[in-house]
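Protein chains: 2
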Amino acid sequence: MLTPDRISLNTATVKMQWTLAECIEGCARHGLGGIAPWRDKLQEMGVEPAARAIRDAGLKVSGLCRGGWYTAEGALTPAVLEDNRRAVDEAAAIGAECLVMVVGGLPAGSKDIDGARAIVEEGLAATLEYARGVGVPVAIEPLHPAYAGDRACVNTTSQALDICDRLGDGIGVALDVYHIWWDPEIRRQIARAGKERLLAFHICDWLVPTQDILEDRGMMGDGVADIPALRAEVEAAGFTGLNEVEIFSAETWWKRDPDDVLKTIVARGESCC
Amino acid sequence: MLTPDRISLNTATVKMQWTLAECIEGCARHGLGGIAPWRDKLQEMGVEPAARAIRDAGLKVSGLCRGGWYTAEGALTPAVLEDNRRAVDEAAAIGAECLVMVVGGLPAGSKDIDGARAIVEEGLAATLEYARGVGVPVAIEPLHPAYAGDRACVNTTSQALDICDRLGDGIGVALDVYHIWWDPEIRRQIARAGKERLLAFHICDWLVPTQDILEDRGMMGDGVADIPALRAEVEAAGFTGLNEVEIFSAETWWKRDPDDVLKTIVARGESCC
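Keeping their order, the protein sequence lines are chains H and A.
Per the UniProt record's numbering: the first sequence = residues 1 to 273.
Per the UniProt record's numbering: the second sequence = residues 1 to 273.
What follows is the structure in structure tokens.
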């Protein structure tokens, strides 16, 4: 069981209902240990005011979502790299444990997934160099293979760790139950990652059936992922960070009263995680 | 480019429009080299009449869809194993190159994917023993990870080949572009499979965006999969079988005139495969 102080709220979970200021207050009110803002909400509030409010509320920051999207303009462009440097600075300003990278899918019109993966690795190398200087760990989030075309062409933990091995220190993985629960290699890869590369752990659930591949993620306990088993694996490998709840749910949780969503998260942390 | 004689029609592609008898006539009319029936259509027509009609039309049978579903009743039951033996017999009766196995997902109410995978391997071993006696190759179809919960808990080519290695001769893989196109390991795994384990190759496309994870597969050329590259890999590894077109498409191809569907398949074989 997870006590609330070991849970972090990813703001995407209540993105339709709350501003970042409201998320910060909500986390404090429900006794959560941390928060993980998305950049749009952070910029809306302002980075410095947000940093102060998060600090004043006594919350840790399990991550900043998100950098990456290196294939947004086809080849790697200065604008994309500059945006990633800004993301690193924002992560530093709010004291985030890591900058979470959703690396980008295929460039528009392309079928060249190897080429996309090469662009992504080049982009990650550039961001990493900058992030090392600032002292922000970079966390590659391998996304479910269903997103390989349009969101992220890094799709397994093994693939992400291969990139980390090639790039060296200061980079690791953000593992989200939704994206990894099916992977026959996951146990071996979590052990391979170890404490140094395990930078974030996201929880939610895989619903059966899944009505929409992007916006029908489940609350912990409502699906088929064995969350306690995966959590035990990352903790056995040395991960001591927060359990970040990130649920995209257009038809269910984005329509609920956000205080009810947080109450449910706390209850499910105790009963299902 | 693929000439029609190197294409096989999986009957699922026009399952809403045509009976098996109509599919057989349609394949002959459009000059396709083969067919791959689903068992419901085969049983509806009758196995012997179907076998005769397929032979008379000069069509090869690239596979019979499908055996497997070992987790249908939770633990492996005599009924499930008996149904798989019947599938082997049907595959033999129509001269199929292989029996395609969709192995089954998690048993109802279960979150134990390791347990499901153990049930599946035990079931495959039993079916394989019977199939060896009858002389029918058993082809595990690794399904996209999006189906791990509800359709098949074998989700990568690597995982399928590990099972093959443990079970020995007479078993291999059916690789479908839809399920494998994203896999960073796919090249290595196709080479590992080699001629002996490459029993079937299915083509279609991955649409961006995908509206429905089961029934929104694309016609070759309409999505982002690099079909010619994958075909080149399986052929370099020794595969000489037909290219089987299997498209589940509730909103597009299942609503079209089936002769138009087959015309499109022939045209796309020439232009996009």
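Positions of the beta carbon are idealized from the N, C-alpha and C atoms, including for glycine.
- Around Asp-150 of chain A, the same chain offers Gly-105, Leu-106 as residues with beta carbons nearer than 8 angstroms, after the five sequence neighbours per side are excluded.
- Chain order gives the chain H residues near Gly-149 of chain A as Trp-206, Val-208, Val-224, where near means a beta carbon separation below 7 angstroms.
- With a cutoff of 7 angstroms on beta-carbon distance, Thr-11 of chain A and Cys-27 of chain A are scored as not near each other.
- Every alpha helix (DSSP H) of 4 residues or more that sits fully in the region 65-138 of chain A is shown, in chain order, as 78-93, 113-134.
- Judged by beta-carbon spacing, Ile-180 of chain H lies within the 7 angstroms limit of Thr-157 of chain H, meaning their Cβ atoms are closer than that value.
- Residue contact check for Leu-161 of chain H against chain A: no CB pair falls below 7 angstroms.
- Residue-level contact by beta carbon holds for Asn-155 of chain H and chain A, with a gap shorter than 7 angstroms.
- For Glu-244 of chain H, DSSP records a beta bridge to H:Ser-8, H:His-202.
- Between the alpha carbons of Leu-167 of chain H and Ala-96 of chain A lies a distance of about 48 angstroms.
- Burial check for Ala-191 of chain H: the Cβ neighbour count within 10 Å stays below 16, so the residue is exposed.
- Residue burial annotation: Glu-246 of chain H is buried, with at least 16 other C-beta atoms found within 10 angstroms of its C-beta.
- In the DSSP assignment, no residue is bridged to Ala-21 of chain H.
- Each of H:Lys-255, H:Gly-170, H:Ala-131 was checked against the Cα of Trp-18 of chain H, and the nearest Cα belongs to H:Lys-255.
- Taking a Cβ-Cβ threshold of 7 angstroms, none of the residues of chain A is close to Trp-69 of chain H; the smallest such distance is about 15 angstroms.
- The beta carbon of Glu-90 of chain A sits closer than 7 angstroms to those of Arg-39, Leu-42, Val-47, Leu-64, all from its chain and outside the five residues before and after it, given in chain order.
- Any Cβ of chain H closer than 7 angstroms to the Cβ of Ala-146 of chain A would place that residue at the interface, and such an atom is present.
- In the three-state reduction of the DSSP assignment, Ile-140 of chain H falls in the strand class, which pools E and B.
- DSSP places Asp-216 of chain H within a strand segment (E or B) once states are collapsed to three.
- A distance below 8 angstroms between beta-carbons, with the five flanking residues on each side excluded, links Leu-76 of chain H to the following residues of its chain, in chain order: Tyr-70, Ile-119, Glu-122, Gly-123, Ala-126.
- Around the beta-carbon of Gly-269 of chain H, 16 or more other beta-carbon atoms lie within 10 Å, marking it buried.
- The three-state reading of DSSP puts Val-154 of chain A in coil, since its state is none of H, G, I, E or B.
- Bounds of the alpha helix (DSSP H) holding Leu-262 of chain H are 258-272.
- Each of H:Gln-159, H:Tyr-130, H:Asp-260, H:Leu-175 was checked against the Cα of Ala-87 of chain H, and the nearest Cα belongs to H:Tyr-130.
- The straight-line gap separating the alpha-carbon atoms of Ala-108 of chain A and Asp-5 of chain A is approximately 42 angstroms.
- When the five nearest sequence neighbours on each side are left out, the beta carbons in the same chain lying within less than 8 angstroms of the beta carbon of Ile-186 of chain H are those of Thr-157, Ile-180, Leu-230, Glu-233, in order along the chain.
- Here DSSP, grouped into helix, strand and coil, assigns Lys-15 of chain H to coil.
- Taking the Cα positions, Lys-60 of chain H is about 9 angstroms away from Leu-242 of chain H.
- Between Ala-193 of chain A and Ala-237 of chain A, the beta carbon gap of about 6 angstroms places them in contact (Cβ cut-off 8 angstroms).
- Between the C-alpha atoms of Cys-204 of chain H and Cys-272 of chain A there is a straight-line separation of about 39 angstroms.
- Burial state of Asp-222 of chain A is buried, judged by a 10 Å Cβ sphere holding 16 or more other Cβ atoms.
- Flagged as an interface residue toward chain H: Pro-184 of chain A, by a C-beta distance shorter than 7 angstroms.
- Under a criterion of Cβ atoms nearer than 9 angstroms, no residue of chain A is adjacent to Asp-40 of chain H; the nearest Cβ is some 21 angstroms distant.
- Counting only runs of 3 or more residues that sit fully inside the region 160-186 of chain A, the beta strand (DSSP E) segments are 171-176, in chain order.
- In the three-state scheme derived from DSSP, where H, G and I count as helix and E and B as strand, Ala-36 of chain A is classed as strand.
- At least one CB of chain H lies nearer than 7 angstroms to the CB of Lys-111 of chain A.
- Residue pairing for Lys-60 of chain A: DSSP places it in a beta bridge opposite A:Gly-34.
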